[in-house]
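In the numbering used here, the protein residues as written are 6 to 85. We put the CB at the ideal spot given by N, CA and C, even for glycine.
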Ligand SMILES: [Zn+2]
Ligand SMILES: [Zn+2]
């Protein structure tokens with residue numbers, strides 16, 4: 006079945022780091038992960054892996070920051 010993978014970082018016994026999909030047996034080595042579609046561990050949306058997200062064990066998009074933006078906007082609206 007074709008789906009967007011939900012990657013989780015893991016380490017081989019020899020120390021090589023790769024990302025394994027928790028939904029299927031697919032895995033991608035860390036060196037090749039950038040640009041892959043991945044399901045966010047926080048919001049479930051699809052996003053593309055970047056040099057920043059590949060550092061995370063459970064990669065997530067910037068949804069948390071978006072949420073903070075919303076809170077900030079609401080605060081500003083109240084002030085204005
Ligand atoms: Zn998968
Ligand atoms: Zn997200």
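Close-in-space but distant-in-sequence residues of the same chain around residue 31 (CB under 6 Å, 5 per side omitted):
Correct list, in chain order: 10.
Under 7 Å from any heavy atom of ligand 1, does the C-beta of residue 51 make it?
no
Going by beta carbon distance, what residues of the same chain come within less than 7 Å of residue 55, once the five residues before and after it are set aside?
39
Measuring from the CB of residue 45, is there a heavy atom of ligand 1 at a distance below 7 Å?
no
How is residue 51 classed by DSSP in three states: helix, strand or coil?
strand
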